Ligand SMILES: Cc1ncc(COP(=O)(O)O)c(C=O)c1O
């Protein structure tokens, strides 16, 4: 599939978004679709290529959200399309829960190779990020025979019952769904810009970890805990990055009490953070890794957990799903992992990310409303405040910036209370990234003028 002609002129808004065709679709959607989706922007897509998506009204948008952090290789990567067509022509389905096919095993072998830890591992395939988390939760209980889980405030792990019970981004996710899965305790996540203990790193002496130790004496018997689950960088909360040394201390607690350490790399995994897995920034080896989003290449749903072989010791029938690791999804995922390796995209994410972070930090210095810029690799966040001293969330300002960006043909995505996430496909060119950051800066300046 060669570069389509509509990409050539770059981002452009011909008809104000939503244009007439998008409006019509939104009206039809509202009549028949579940209102539970959180549609933030009225973008109705027609086709995509590379980092660009064209909407129904002919607007061309530069997507710095990678289709919600899924398209690490961009829209319609020709190699992935070819791999999928090849597989689909041969065989689209053969129940992997009950029989065998090579693509599942090949993908598992590749995942085992790239996840941290020099020990035998096993892979379970599901259909989504939430299902990967669900599998990790069940696997941890099964292996340890312990009932409790420790998770973090601000975490997002998905919306199925187990994953939802481990999450705590927003009460809206829990409201009226009780009783949740019992046995989950949330610990404060180290959000240093807004430290829940009023401290500043590095002078804090990791009071947040000391708090956990104290909590274990008073609230949670440690010998009842199966596992700790953490996003190494919290995604939906706006790319919150724990300080150096943090996960090493959490892992020490895990080792002391016999807890498994589960990392949810659904958003951070497969190169996005400038390492294959974000937990590698802390040099900590987890027992179970959850992946999804980028693994799918945006083709067919897939999620997976990669666990220490001795941990994934459940018996036949304990867990499975008809479509988990289906043939077409596996074919896409295998090709995606080849591209990641052959095109050196992990290194590329680190290098481009560093350049973008430098630019955004300059913006932070020169802006009244940028409270903090943070990021690792190509997962960057800009937290908007009304006032840098008081740090009051600039929710309206943040929403206005996202809207201004859209008016200029740029997709960036909300995160947390008042942050904006910038997470382009890892195949983005330096020129495209610069252009995106120019448009972002213009949008921010426009809002600053108005506020
Ligand atoms: C870190 C993390 N875990 C789990 C999920 C849930 O994934 P899915 O929407 O595929 O169920 C998400 C989705 O945003 C996520 O960001």
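Residue numbers (this note's numbering): 10 to 460.
The C-beta atom is built at its ideal place from N, Cα and C for all residues, glycine as well.
Bear in mind that the values here come from a model prediction, so they are computed numbers and not experimental data.
- Boundaries of the alpha helix (DSSP H) harbouring residue 77: 75 to 78, taken from the DSSP string.
- DSSP places residue 423 within a strand segment (E or B) once states are collapsed to three.
- In this structure, the C-beta of residue 168 approaches ligand 1 to less than 8 Å from one of its heavy atoms.
- Distances between the C-beta of residue 302 and the heavy atoms of ligand 1 include at least one below 8 Å.
- With a cut-off of 8 Å, the C-beta of residue 78 is classified as near ligand 1, since at least one heavy atom of the ligand falls inside that distance.
- Beta-bridge analysis with DSSP links residue 441 to no other residue.
- In the DSSP assignment, the residues bridged to residue 59 are 84.
- Cβ-Cβ distances below 6 Å link residue 133 to 144 and 314 in the same chain, with the five nearest sequence neighbours on each side left out; the list follows chain order.
- Below 8 Å, enough C-beta pairs join the region 261 to 275 and the region 234 to 245 to call them touching: three or more.
- Secondary structure remark: continuous beta strand (DSSP E) runs of at least 3 residues inside the region 307 to 372, in chain order: 312 to 317.
- Of all C-beta pairs linking the region 136 to 150 to the region 352 to 366, fewer than three are shorter than 8 Å, placing the two stretches out of contact.
- Under DSSP, residue 206 takes part in no beta bridge, so it has no partner.
- Rounded to the nearest whole angstrom, the C-alpha separation of residue 96 and residue 340 is 7 Å.
- In its chain, beyond the 5 residues on either side, 276 have a beta carbon closer than 6 Å to the beta carbon of residue 244.
- Annotated as proximal: residue 316 and residue 131, with beta-carbon spacing under 9 Å.
- Exclusion of the five residues before and after residue 354 leaves 280 and 435 as the residues of its chain whose Cβ lies within less than 6 Å of its Cβ.
- Three or more Cβ pairs drawn from the region 282 to 294 and the region 111 to 127 lie within less than 8 Å of each other, which places the two stretches in contact.
- A residue is called buried once 16 or more other Cβ atoms fall within 10 Å of its Cβ, and residue 46, having fewer, is exposed.
- CA-CA distance, residue 191 to residue 148, rounds to 16 Å.
- Leaving aside the five residues that flank residue 376 on each side, the residues in its chain whose CB is nearer than 7 Å to its CB run, in chain order, 453 and 457.
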